[in-house]
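Residue numbers for the sequence shown follow the UniProt record's numbering, so the first one is 1 and each next one is one higher.
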Amino acid sequence: MTTPALLPLSGRRLPPLNLGASAFPHHRATLRLSEKFILLLILSAFITLCFGAFFFLPDSSKHKRFDLGLEDVLIPHVDTSKGGKNLGGFLIHGQGHDEHRHREEEERLRNKIRADHEKALEEAKEKLKKSRDEIQAEIQTEKNKVVQELKKKDSKPLPPVPLPNLIGINSGEPADPDIREKRNKVKEMMKHAWDNYRQYGWGHNELKPIARKGHSTNIFGNSQMGATIVDALDTLYIMGLHDEFREGQEWIDKNLDFSVNSEVSVFEVNIRFIGGLLAAYYLSGQEVFKIKAVQLAGKLLPAFNTPTGIPWAMVNLKSGVGRNWGWASAGSSILAEFGTLHMEFVHLSYLTGDPVYYNKVMHIRKLLQKMDRPNGLYPNYLNPRTGRWGQHHSSVGGLGDSFYEYLLKAWLMSDKMDTEARKMYDDAIEAIEKHLIRKSNGGLTFIGEWKNGHLERKMGHLTCFAGGMFALGADGSRNDKAGHYLQLGAEIAHTCHESYDRTALKLGPEAFKFDGGVEAVAVRQNEKYYILRPEVIETYWYMWRFTHDPKYRQWGWEATQAIDKYCRVSGGFSGIKDVYSSSPTYDDVQQSFFLAETLKYLYLLFSDDDLLPLDNWVFNTEAHPLPVLHLANTTLSGNPAYR
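This is how it looks when you write it as structure tokens:
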């Protein structure tokens, strides 16, 4: 999962409207008596004026609204002594009766206006007894009612879609009591993380577990979107924490609102929110998750309004205005961001029957296929205005990683029908193996980064996901190289385990070098931190699934114990600033991906293979499981091939 450098947003923000005491220097609990008197006087005068105006209107208009068209109605003859004319047993209703009827109507209207007048005065008196805060609260309540009504009108019912055959969502209990105990420990850690977020950060995007308050970063804009709730839902579900799942569902149903003036990362919101909501929908069948996912997807679509169709990195959910990160190669979009939309957008088209989402991601693919690639590698930066590459920096770590992952997973998710995606993946990993993968002097296989024409012998924690990717893609490789890629995955897993094992805390650094005598160790101070990242554990899990070598469970348990010992605090779990220091200091952030990915992969590592089997489920880059779509063509719902 790519997390771009978190820089402060440059967009201006209007200060919030201050309606407290400072906004009203002479504020009192109620208005002064003189103000009440003047307001009552004005109200009385206005209502009296309306009352009196009735009698100055011309007759025709005064009575018009009460004219029921009865002047010439024939009524049965009863008595002709009142001036009526007898015509064959019926009486034409005459002028005398009209005048009597109009007088009755006038009297009735006077009484009604008098009663309304008195009622309005009483209501005005009651209003003036209230404080400004109470009046503003009533106004806000009425506004909220109007907004809710508008939302109801705007929400279109989604078409009924047959759910794919969902296998392995309530299983995985290991027979071995030792493994079961380890799995239960991971579940307890999840509960500790969730309960503290529930108590101290509820509704905020993330938690500061030491300060015990909410936390957010600029990838989520300036809104409280409950990122941890959405990200954690599927983990809660597969762990059987159903009360906690229902708490999250209730919050999402009542509070998750995307019509906010907030600039968010398209990539992060897609993988965490849309991915999380879709996974929660498939696991639980609760429609609210599907509806919210589609609502949010509609808010992301304006990001694609660029000259090339390559989306902006950020979009304002309210205005639809997009832009790119200021630090990204002359205003470029980032490969791992615009290249990590395919899985979620294909599912959106499947669930809605609307091909717009599928068309957006396929347009990106077609554009990339036409472009030249230096050394067969995809550079990390692409300008969305010109359609040209930015600086030639290629990486399987940050800025590039999940693009390659989604090529493979597009093929897997299509039930291996999307052969175009598989070819792009095979071509890419051949170039990666040729130009980026090397062995250190000490025999450790690592994946470097291509910068300005040479290989930088440094590997990031983010890059460690690739061991699992190579194993996942081994079956179906060209030239019967399945064994080769499974072995490559094992070598990457070993290298990443070494990066953990060579620290004081047995937790891996953000990046580590392979220069001279330094191998799998961070050199720079700003690369020694561990922020609860999942990629190494992710690779352990995939390697366990494909080999059942017990060392992967052993390595996973080492990591579990280290996280519980050094990252656990009374208010949740925190990242560590220096994994080489035996007395660690905390960064005081419980990342949402810790609940979505790290704890989920650990739980799966200590579960049997029948929990979310890989033949039926494909995990997005935030570890949200989406079902394989057994379709010849996944662009539209209700596809005949499915039936």
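By construction, the Cβ of each residue, glycine as well, lies at the ideal position given by its N, Cα and C atoms.
Exercise. Got a sec? Which residues, its chain only, sit under 8 Å from Phe56 by beta carbon, not counting five neighbours each side?
Worked result: Here residue 56 refers to the residue found at position 56 of the sequence shown. The predicted position of Phe56 is uncertain, since its pLDDT is 46 and thus under 50; no value can be drawn from it.
Exercise. Beta-carbon separation of Gly276 and Glu622 under 9 Å?
Worked result: For the purposes of this step, residue 276 is identified with residue 276 of the sequence shown, where counting begins at 1. For the purposes of this step, residue 622 is identified with residue 622 of the sequence shown, where counting begins at 1. Yes; because the gap between Cβ atoms is below 9 Å, this pair is in contact.
Problem set entry | Enclosing beta strand (DSSP E) for Arg438 [first to last residue] | By 1-based counting over the sequence shown, the position of residue 438 is 438. Unbroken beta strand (DSSP E) run through Arg438: Ile437 to Lys439.
Exercise. For the alpha helix (DSSP H) that contains Thr235, what are its first and last residues?
Worked result: Here residue 235 refers to the residue found at position 235 when the sequence shown is read from its first residue. Counting along the chain, the alpha helix (DSSP H) containing Thr235 begins and ends at Ala227 to Ile238.
Problem set entry | Closest by C-alpha distance to Lys370, when choosing among Trp389, Met314, Ser259 and Lys254 | Mapped onto the sequence shown, residue 370 falls at position 370. Comparing Cα positions, the closest option is Trp389.
Exercise. How is the beta strand (DSSP E) around Trp555 delimited, first residue to last?
Worked result: Position 555 of the sequence shown, counted from the start, is the residue given in the question as residue 555. Unbroken run through Trp555 is the alpha helix (DSSP H), Pro550 to Ala562; no beta strand (DSSP E).
For this session: Determine the DSSP secondary structure at Trp544, reduced to helix, strand or coil.
Result: Position 544 of the sequence shown, counted from the start, is the residue given in the question as residue 544. Looking at Trp544 - three-state DSSP - the assignment turns out to be helix.
Exercise. At a cut of 8 Å, does the segment 204-216 reach the segment 247-266 through at least three beta carbon pairs?
Worked result: no
For this session: Specify, as a first and last residue, the run of the alpha helix (DSSP H) that His242 falls within.
Result: Within the sequence shown, numbered from 1, the residue matching residue 242 stands at position 242. Note, His242: alpha helix (DSSP H), His242 to Asn255.
For this session: Since I believe Asp415 is in contact with His630 (beta carbons under 8 Å), could you give me their beta-carbon distance rounded to a whole number of angstroms?
Result: The sequence position of residue 630 within the sequence shown is 630, counting from 1. The sequence position of residue 415 within the sequence shown is 415, counting from 1. Yes, His630 and Asp415 are in contact; Cβ-Cβ is about 5 Å, under 8 Å.
Exercise. How would you label Pro25, buried or exposed, when you count the other beta carbons within 10 angstroms and need 16 or more for buried?
Worked result: For the purposes of this step, residue 25 is taken as the residue at position 25 of the sequence shown. Its pLDDT being 36, under 50, Pro25 is placed unreliably by the model, and the measurement read from it follows with that caveat. Exposed.
For this session: Compare the beta carbon distance of Ala303 and Gly322 with 9 Å and say whether it is the shorter of the two.
Result: Position 303 of the sequence shown, counting from 1, holds the residue named residue 303. Position 322 of the sequence shown, counting from 1, holds the residue named residue 322. Yes, the pair counts as a contact, with Cβ atoms nearer than the cut-off.
Exercise. CB-CB under 7 Å to Ser582, same chain, minus the five flanking residues each way: which ones, in chain order?
Worked result: Start at 1 with the first residue of the sequence shown, and residue 582 comes out as number 582. If we look at Ser582 and ignore the five residues flanking it on each side, its Cβ neighbours are Ala504.
Exercise. Which one or two residues does DSSP pair with Val521 in a beta bridge?
Worked result: By one-based count along the sequence shown, residue 521 stands at place 521. DSSP lists Lys513 as partners of Val521.
Exercise. Do you know offhand how far Phe573's Cα is from Tyr197's?
Worked result: Position 573 of the sequence shown, counted from the start, is the residue given in the question as residue 573. Position 197 of the sequence shown, counted from the start, is the residue given in the question as residue 197. Taking the straight line from one Cα to the other gives about 10 Å.
Exercise. So, helix, strand or coil for Trp411, using DSSP?
Worked result: In the sequence shown, residue 411 corresponds to position 411, counting from 1. Trp411: helix per DSSP, three-state reduction.
Exercise. Under 9 Å between the Cβ atoms of Tyr378 and Gly400?
Worked result: On the sequence shown, residue 378 is found 378 positions in, with the first residue counted as 1. On the sequence shown, residue 400 is found 400 positions in, with the first residue counted as 1. Taking 9 Å as the Cβ cut-off, Tyr378 and Gly400 qualify as a contacting pair.
Problem set entry | Proximity test, Cβ basis, 9 Å: Leu348 and chain B | Looking for chain B here will not work: only one protein chain is present.
For this session: Counting only runs of 4+ residues fully inside the segment 142-217, write out the alpha helix (DSSP H) ranges in chain order.
Result: 177-200
Exercise. Taking DSSP as the reference, what is the three-state secondary structure of Ser333?
Worked result: In the sequence shown, the residue the question calls residue 333 occupies position 333. In this structure, Ser333 counts as strand in the three-state DSSP scheme.
Problem set entry | DSSP-derived helix/strand/coil call for Ala623 | Here the question's residue 623 lines up with position 623 in the sequence shown. Note: Ala623 maps to coil in three-state DSSP.
For this session: Would you check if the distance between the CB atom of Gln286 and the CB atom of Gln249 is smaller than 9 Å?
Result: Residue mapping note: residue 286 aligns to position 286 of the sequence shown, counting from 1. Residue mapping note: residue 249 aligns to position 249 of the sequence shown, counting from 1. Cβ distance < 9 Å, so Gln286 and Gln249 count as in contact.
Exercise. Can you tell me whether DSSP reads Met371 as helix, strand or coil?
Worked result: Locating residue 371 in the sequence shown gives position 371, where the first residue counts as 1. Coil.
Exercise. Mapping DSSP to helix, strand and coil, what is Val569?
Worked result: Position 569 of the sequence shown holds residue 569. The answer is strand: DSSP assigns Val569 an E or B state.
For this session: For the beta strand (DSSP E) containing Val315, list its first residue and its last residue.
Result: By 1-based counting over the sequence shown, the position of residue 315 is 315. That run of the beta strand (DSSP E) goes Met314 to Asn316.
For this session: Return the residue from the list Ser332, Tyr381 and Val294 that minimises the CA-CA distance to His347.
Result: Stepping through the sequence shown from its first residue, residue 347 is reached at position 347. Looking at the Cα atoms, Val294 is the closest of the given residues.
Problem set entry | Cβ neighbour criterion (16 or more within 10 Å) applied to Trp544 | Reading the sequence shown from its first residue, position 544 is the one you call residue 544. Buried.
For this session: Identify, in the order they occur along the chain, each residue of the same chain with its Cβ nearer than 6 Å to the Cβ of Ala280, setting aside the five sequence neighbours on each side.
Result: Residue 280 sits at position 280 when you count from the first residue of the sequence shown. These residues qualify, in order along the chain: Leu233, Asp234 and Phe289.
Exercise. Across which residues does DSSP place Thr445 in a beta bridge pair?
Worked result: Looking up residue 445 in the sequence shown gives position 445. Lys439.
Problem set entry | Burial state of Pro307, where buried means 16 or more other Cβ atoms lie within 10 Å | Indexing the sequence shown from 1 puts residue 307 at position 307. Answer is exposed; the Cβ neighbour count stays below 16.
For this session: Going by CA-CA distance only, name the one from Gln391, Leu407 and Asn380 that's closest to Glu344.
Result: Position 344 of the sequence shown holds residue 344. Taking only the C-alpha atoms, the option nearest Glu344 is Leu407.
Exercise. Pick from Arg373, Gly387, Leu368 and His393: whose alpha carbon is nearest that of Asn380?
Worked result: For the purposes of this step, residue 380 is taken as the residue at position 380 of the sequence shown. Answer by Cα proximity: His393.
Exercise. Given that a residue counts as buried once 16 or more other Cβ atoms are within 10 Å of its Cβ, and exposed if not, what is Pro627?
Worked result: Your numbering for residue 627 matches position 627 in the sequence shown. It counts as buried.
For this session: Taking 8 Å as the threshold, find out whether the segment 158-169 comes into contact with the segment 609-619 through three or more Cβ pairs.
Result: yes
Problem set entry | Inter-residue spacing [alpha-carbon to alpha-carbon] between Val315 and Asp257 | For the purposes of this step, residue 315 is identified with residue 315 of the sequence shown, where counting begins at 1. For the purposes of this step, residue 257 is identified with residue 257 of the sequence shown, where counting begins at 1. Going by the C-alpha atoms only, they are around 16 Å apart.
Exercise. Under the three-state reduction of DSSP, which class applies to Val618: helix, strand or coil?
Worked result: One-based indexing of the sequence shown puts residue 618 at position 618. Strand, per DSSP.
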